[in-house]
Structures are given as structure tokens and as C-alpha cells.
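Reading through the C-alpha cells given below for one structure.
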Amino acid sequence: MKRSLLRRMFRIILSMADDSLEAIQKKDWEWLEAIALHDKDVNKIADFCRRILNTAGAEDYRRIPPGYFIVEQLEKIGDMYRDMCRHCIAHSLHLSRELQGLYRDTNRFLKSFYGVYFDFDLADMRDFAEERYRLKKVFEQRFEKTPLKEARMLCLLNFVVESTFDMNGPLMTARL
């Protein structure tokens, strides 16, 4: 599988992440709808990557399952950002400052995985894991305090963090 395809998929998702937070802050529902549509591009690239892994990727069997898993997870993360956009639109949701900060932290966490994926370093992987544990504690605290209207957004952000973290094992398998 070509790294350029995966890089493109990552960049679309990272753009969805940053743009959706900005659109939510500006209460720009039309922009949010346009951002949600970018998930179709992520899905197309994911389908193409899976096809490559299923056909041409057979030379190095050891790396096919981790690559497939990472493509699947990225596609799901794109779906989660699409769902967050649509949820905000449907409910004209205005996020609290705390949830906006957690949204920003979630986006930063995804960006850190992008960096580790394309520039693999064990020290960075350790920092990535430590950040996940920090975020996990923050989410646990927020679940107790979050108003019902923001609960779905909190769950989706938590899923993004957990899905991102779940890619570290396959990445280590493929790189070590």
C-alpha cells in the first residue's frame, strides 16, 4: 500500500477535525455540513487501500493485517467526525468551553499519531501512550459532569481517542 494514500487519508481526517471545531465555534452549520461530506473522500481512499492490501499487498504478509487494521480505524475515525458534525447541525449544538478544549486535545492526539506513524520513534510512542492515559482520566471526569445535550459529543470524542490509540499496536507490529 502506498504511504501517499494513507497520508492523504490522514490529512483529510485531520482537516475535518480542525475545521469542524472551528465551524462549531463559529456556529456555521453550512460549513459543518460541507466538512461532513469529506467523509466520502476518506471512504473512497479507505476502499482503495483495502483493495490494494487484498491484491498487491500479498508479498509481505506480515504487514497486511496491521495495515488493514489502521485503514479500518482511520475510516471509522472519519465517520466519527462526520457524525459529530451532523449531531451539532441537527441540534444547533453550542459546545461548552470545557468540551471545546477536549475537542482540541482529541484533535491534537490524532495529530500526534499521524506524526508517529510517518516518523516512527519509540520515545514518541511512549509520549503518545502517556497522553492517552491522561485523556482517559479527563474523559472519565467529564462523563460525570457533562450535560445530556453534550453527552453524545463527549462519547464520540472518546471513541476518536480510543480508536486512535488502538492503532499503536498494529503500528508497532509493522515497524519493529
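Mapping of the sequence shown onto our numbering: residues 38 to 213, in sequence order. All C-beta atoms in this analysis are idealised placements derived from N, C-alpha and C, irrespective of residue type, glycine included. On a predicted model such as this, the values are computed, not experimentally measured, just so you know.
In terms of residue numbering, what span does the alpha helix (DSSP H) encompassing residue i cover?
i: S41; result: R40 to K63
i: I156; result: The sequence as given places Asp at residue 156; Ile does not occur at that position. It is not in any alpha helix (DSSP H) - D156 carries neither H nor E in the DSSP assignment.
i: R100; result: From DSSP, R100 is part of no alpha helix (DSSP H); its letter is neither H nor E.
i: M209; result: N205 to R212
i: A83; result: D76 to T92
Helix or strand or just coil, what does DSSP make of residue i?
i: S129; result: coil
i: H124; result: helix
i: L147; result: helix
i: L111; result: helix
i: R141; result: helix
i: L69; result: helix
For the ligand FAD, is there a heavy atom less than 7 Å away from the beta-carbon of residue i?
i: K81; result: Absence of the ligand FAD from the depicted structure is noted, as is the absence of any ligand whatsoever, leaving it without description.
Do we get a CB-CB distance below 8 Å when we pair residue i with the residues of chain B?
i: G152; result: In the structure shown, chain B does not exist; there is a single protein chain.
Would you mind listing the alpha helix (DSSP H) stretches within the segment 160-202 that are 4+ residues and don't spill past its ends, in chain order? 185-202
Contact between the segment 66-75 and the segment 130-144: three or more CB pairs below 8 Å? no
Are there three or more Cβ pairs, one per stretch, closer than 8 Å when the segment 73-90 is compared with the segment 108-127? Contact between the segment 73-90 and the segment 108-127 is present, because at least three Cβ pairs lie under 8 Å.
Decide if the segment 177-194 is in contact with the segment 128-136; the criterion is three or more beta carbon pairs, one per stretch, under 8 Å apart. yes
Using 8 Å as the cut-off, can you tell me whether the segment 55-66 makes contact with the segment 104-112, which would need three or more C-beta pairs spanning the two stretches below that distance? No, the segment 55-66 is not in contact with the segment 104-112.
Closer than 8 Å is the cut-off here; do at least three beta carbon pairs connect the segment 80-96 with the segment 51-58? Flag = no, the segment 80-96 and the segment 51-58 do not touch.
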